[in-house]
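Chemist: Before we start, here is the structure in question, set down as C-alpha cells.
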Amino acid sequence: MKVKVLCLGRAAKEIEITDGTTVEQAIQQAGFPKDSAYTRHLNGVPCFDSDIVVEGAVLTLVPQVKGGGW
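Just so you know, we're using the working numbering here: the sequence shown kicks off at 1 and counts up by one.
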C-alpha cells in the first residue's frame, strides 16, 4: 500500500509499505532521520512513533518552532 511521507522544509516521498507498518518504520523506510526536532502528524493529527500507518495516509514531519521572545 502507498503512503506519502512529507518532511516540511526538506522533501516529500511516496513509499510502499506493508500492513502493520508503524510511523517510526515509515519514517525510516522513507529515508528520513528519526529526529526529535520534528513532531509527527498522521493525516493532520499528532501521532506517536508506535501508531500504525494505513493505506493512503499522509505522514507529515513538522519542524518544531523555537525561539522568540524579546
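Ideal placement from N, C-alpha and C gives every residue a C-beta, glycine not left out.
How about V62 and V3: do their beta carbons lie closer than 7 Å?
Modeler: Counted from its first residue, the sequence shown places residue 62 at position 62. Counted from its first residue, the sequence shown places residue 3 at position 3. Not a contact, by the Cβ cut-off of 7 Å.
Chemist: Name the DSSP bridge partner or partners of P46?
Modeler: Numbered from 1 along the sequence shown, position 46 holds the residue referred to as residue 46. DSSP output for P46 lists H41 as bridge partner(s).
Chemist: Locate the beta strand (DSSP E) running through E14, then write down its first and last residues.
Modeler: Numbered from 1 along the sequence shown, position 14 holds the residue referred to as residue 14. From DSSP, the beta strand (DSSP E) with E14 extends over 11–16.
Chemist: Quick check on A30: buried or exposed, where buried means 16 or more other Cβ atoms within 10 Å of its Cβ?
Modeler: Here residue 30 refers to the residue found at position 30 when the sequence shown is read from its first residue. Counting Cβ neighbours within 10 Å, A30 comes out buried, since at least 16 surround it.
Chemist: Could you say which of Y38, L59, K66, R40 lies nearest to I15 if we only look at CA atoms?
Modeler: Here residue 15 corresponds to residue number 15 of the sequence shown, with the count starting at 1. With distances taken between Cα atoms, I15 lies closest to L59.
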